[in-house]
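First up is the structure itself, then whatever we jot down about it.
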Amino acid sequence: MATMTKKWLKQHCIEKKLYRSPPLNDKLYLHFQGFMEIDNLEEYTGLVALFLEGNAIESLAPLEHNTMLRCLYAQQNCITEIDLPSSLTELATLNLSNNNISQLENLGQLTSLHTLQLANNRLKSVEAVSHLKDCPSIGVLDLSNNHIEDGEPEELLEIFKSMPNLGVLYMQGNPIVSRFSFYRKTLISNLPKLGYLDDRPVFENERLCAEAWKRGGLEEERAERGRISQRKADDDERQANFMREMRLKGESKQKEIWEQRKQLLAQHGIHIENLDEDVECSEPDEDEPEPFELVAARKKLAEYSARPGEEEPPELTAARKDVTSKGKSRQGAWQPITGSDVEGKENDSASAPQFAQPEVVDAFLTAHAKVPSITEINARVQNMETSAAIPQSHDKEEDEDIESIPLTKTISESTPLKNKIQEIDDSSSGTKWAHKRQDEEVQSLQTHSVELCNEDELDELD
């Protein structure tokens, strides 16, 4: 067996990276070393925590000089009696589990003792633990697996009632527990600070039911359970009302914001109708709702048939099915511009999408006499190229006259032509074909970069 010598203790402190000077150490690890007795700890006056478990120690009396000790772990030893010195007034945690203790004693002098662990000892009777009446400071008590059987349950209950700070109690593994009438209810109702009993905590509702049982038996306990259920239902209703009010306030605020946005759009000539029928306020935990402008546009677009050969969003498909399911007839397929077309026929669809046709652009150009149409300009350019390719006999003076004609304006720079292109753009804005037609013809005119004279000189050349 190892001996607790000063040399060994100093070397042990070095190995555990503790201080070489004994008074400076506040903890000392001496567990599982095979010591039979405590010795040479007088110099370790600063000890706060001492670990002695797993040895063969029989007595704790040599700790009288360690007055600052707060935690003593002496489980799994050979201690048969508690002979702690009275100088350990600071001791708060004492673990004496798995020893051979048969009688509790010398604990009342430990005025700061809070946690006492005595599991797996030889405390066989209520009389063996009666010394606990002198330990009012204990808050955590472990007496499990001591085989306490002798004595009356009422006597043991009185011992526990004399411990006003008792909050945690472990009593499983003792036969006397089975002799209690309603063991758990009895202990809970008589120990007001008990928060943990054996294998589970003591919740508020369990305490209320136990106290009601103590007052009036099972009938009072049933009544208390009914009151608990009613309080829970009231709390649930209050929470539901609170959440409902929050949701209504959120919807009201959201609708107010939408109305402000609608008014702002109306000031710029954009009117949104029947928005409330299509947009609902989202739940607080859902994604943010779509902008109402997008919803209104999808609703308008759903009134027309799908464009062939083009893939459309699933939201638009669903909206179109919804329109059909409500019995509403679609306003028609994609058609030319609303109103009278080129041939003077009235368009049946009043709100069909505007789709400009090639004849519309030519008719628009022909209707304005001041500026020739694009077709006429192309024809004149071709005539000029043909005339230039055929040699003609004419006087030198005519050549000089022709050369003297100022050709300072190109098609791309001609002010009347630029204005006409802008008018074409305005008349066909919003249509796919008009943009494409306009871009192709303007690009063709700019590519040639043929310098032309003003309109009177063009007539003379023709």
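Heads up: the sequence shown at position 395 corresponds to 418 in the numbering used here, and the numbers run straight through without jumps. Don't be surprised by glycine CBs; every beta carbon is placed ideally from N, CA and C. Bear in mind the structure is a predicted one, so any value in this text is a computation, not a measurement.
Could you give the C-beta distance for residue i and residue j, rounded to a whole number, given that I count them as a contact under 8 Å?
i           : j           : result
residue 233 : residue 211 : 4 Å
residue 105 : residue 128 : 6 Å
residue 208 : residue 182 : That belief does not hold up - the Cβ atoms of residue 208 and residue 182 are roughly 18 Å apart, past 8 Å.
So, helix, strand or coil for residue i, using DSSP?
i           : result
residue 231 : helix
residue 224 : strand
residue 307 : Low confidence applies to residue 307: its pLDDT is 46, below 50, so where it sits in the model is not reliable, and the reading given next is rough at best. The answer is coil: DSSP assigns residue 307 none of H, G, I, E or B.
residue 341 : helix
residue 74  : strand
residue 193 : strand
residue 56  : coil
residue 348 : helix
residue 209 : helix
residue 149 : coil
residue 406 : helix
residue 36  : helix
residue 126 : coil
residue 155 : helix
residue 427 : Because residue 427 carries a pLDDT of 45, less than 50, the predicted location of this residue cannot be relied on, and no value is offered for it.
residue 118 : strand
residue 214 : coil
residue 257 : helix
residue 455 : Caution is warranted here: a pLDDT of 49 is assigned to residue 455, below 50, making its placement in the model unreliable, and no coordinate value can be reported.
residue 140 : strand
residue 41  : coil
Considering Cα atoms alone, identify which of the options is closest to residue i.
i           : options            : result
residue 137 : 285, 339, 71, 116  : 116
residue 168 : 177, 110, 145, 183 : 145
residue 102 : 141, 251, 92, 70   : 141
residue 172 : 321, 196, 236      : 196
residue 215 : 204, 164, 188, 239 : 188
residue 67  : 274, 153, 46       : 46
residue 94  : 240, 149, 118      : 118
residue 56  : 27, 37, 177        : 27
residue 273 : 259, 312, 237, 317 : 312
residue 153 : 340, 316, 112, 130 : 130
residue 315 : 340, 284, 206      : 284
Quick check on the burial criterion: 16 or more other C-beta atoms within 10 angstroms. Buried or exposed for residue i?
i           : result
residue 158 : buried
residue 244 : buried
residue 406 : exposed
residue 266 : exposed
residue 42  : exposed
residue 402 : exposed
residue 322 : buried
residue 48  : buried
residue 61  : buried
residue 235 : buried
residue 264 : exposed
residue 317 : exposed
Does the separation of the CB atoms of residue i and residue j fall below 7 Å?
i           : j           : result
residue 190 : residue 218 : yes
residue 59  : residue 72  : no
residue 107 : residue 83  : yes
residue 70  : residue 89  : yes
residue 213 : residue 184 : yes
residue 87  : residue 110 : yes
residue 231 : residue 247 : yes
residue 99  : residue 121 : yes
residue 3   : residue 132 : Limits of the chain in this structure are 24 at one end and 485 at the other, which puts residue 3 out of reach.
residue 29  : residue 63  : yes
residue 164 : residue 139 : yes
residue 224 : residue 203 : no
residue 166 : residue 186 : no
residue 342 : residue 320 : no
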